[in-house]
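Have a look at the structure below before the remarks.
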Amino acid sequence: MGRNNTIAEIGKFKEEIHSALFKNQDILELLLGDINNMSPEEIISGFKKHVESHLYIDEIVDEAITYIFYDVRVSNIEKELKNIRVIMYVIAPRNNEIGDYYKEGYHGNKTDILSEMIEDTLINDEKTANAFGIGKLRLTDVDIYNATRFYGRVLTFKVSTFR
Numbered sequence: 011m012g013r014n015n016t017i018a019e020i021g022k023f024k025e026e027i028h029s030a031l032f033k034n035q036d037i038l039e040l041l042l043g044d045i046n047n048m049s050p051e052e053i054i055s056g057f058k059k060h061v062e063s064h065l066y067i068d069e070i071v072d073e074a075i076t077y078i079f080y081d082v083r084v085s086n087i088e089k090e091l092k093n094i095r096v097i098m099y100v101i102a103p104r105n106n107e108i109g110d111y112y113k114e115g116y117h118g119n120k121t122d123i124l125s126e127m128i129e130d131t132l133i134n135d136e137k138t139a140n141a142f143g144i145g146k147l148r149l150t151d152v153d154i155y156n157a158t159r160f161y162g163r164v165l166t167f168k169v170s171t172f173r
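Quick look at the structure:
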């Protein structure tokens, strides 16, 4: 009997997302600052400090820095197709840092700008958008993340794939 692959894409999607975000120089600079004088190891280490492939935040967040948390959810499982959702928290500390960022061509506060960069990376880049499921990954919802220590955006992406 064959292996059931209903949730097999979860790990693959996480790897694709992590890789795509890491390749975006604008995202790296927003999270890490000037990366020109950083070694590849410092960039990787710094990126891992800011980006996590889960939505568990409370005891993970020990610094007042900007974070990207994401996870992958399988929903609407049918006989041959399933929908996969990527939920992403783009958050910054509720202090001066949230409004203290500017990047030419982007608008809003730090989490707005970072959310826009993520959108550019995951759905406006043809190669990346087509790396997920059937058709393109698409942004379906943008909400507000509002907690005691952090503020930001909740992005939800969706794509269908074979079961």
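Under the numbering used here, read the sequence shown as residues 11 to 173, first letter to last.
By construction, the Cβ of each residue, glycine as well, lies at the ideal position given by its N, Cα and C atoms.
Remember, predicted model here, so these are calculated numbers, not experimental data.
Residue i classed as buried or exposed, judged by whether at least 16 other C-beta atoms fall within 10 angstroms
| i | result |
| --- | --- |
| TYR112 | exposed |
| THR150 | exposed |
| VAL152 | exposed |
| SER125 | buried |
| LEU91 | exposed |
| GLY162 | buried |
| LYS33 | exposed |
| LYS8 | No statement about residue 8 is possible, as the shown extent of the chain runs from 11 to 173 and does not include it. |
| MET11 | Interpretation of MET11 is limited by its pLDDT of 45, a score under 50 that renders its predicted location unreliable; the figure taken from the coordinates is listed afterwards. Burial call: exposed. |
| ILE27 | buried |
Given residue i as reference, the closest of the options once Cα atoms are compared
| i | options | result |
| --- | --- | --- |
| GLU39 | ILE133, LYS92, ILE67, ILE123 | ILE123 |
| ASP1 | GLY115, ILE20, ALA141 | Given a span of 11 to 173 for the chain in the structure shown, any question on residue 1 remains unanswerable. |
| THR158 | ASP135, THR131, PRO103 | PRO103 |
| THR76 | ASP130, SER29, ASP110 | ASP110 |
| SER63 | ASN93, ASN34, LYS22, ASP72 | LYS22 |
| GLU25 | GLU88, ASP72, ILE67, LYS58 | LYS58 |
Same chain only: Cβ atoms within 8 angstroms of residue i, ignoring 5 sequence neighbours per side
| i | result |
| --- | --- |
| ILE17 | VAL84 |
| THR166 | ARG95, VAL96, ILE97, MET98, LEU149, THR150, ASP151, VAL152, ASP153 |
| ASN105 | ALA74 |
| ALA30 | THR131, LEU132, ASP135, THR138, ALA141 |
| LYS120 | LEU40, THR76, ALA102, GLU107, ILE108, GLY109, ASP110, TYR111 |
Per-residue DSSP class, three states only, for residue i
| i | result |
| --- | --- |
| PHE79 | strand |
| ALA102 | strand |
| LEU65 | coil |
| THR121 | helix |
| ASN34 | coil |
| THR171 | strand |
| ASP135 | coil |
| ASP110 | coil |
| PHE142 | coil |
| ILE27 | helix |
| ASP153 | strand |
Close-in-space but distant-in-sequence residues of the same chain around residue i (CB under 6 angstroms, 5 per side omitted)
| i | result |
| --- | --- |
| ILE78 | VAL61, VAL100 |
| GLY56 | LEU42 |
Same chain only: Cβ atoms within 7 angstroms of residue i, ignoring 5 sequence neighbours per side
| i | result |
| --- | --- |
| ILE45 | LEU38, GLU39, ILE53 |
| ASN86 | LYS92, ASN93 |
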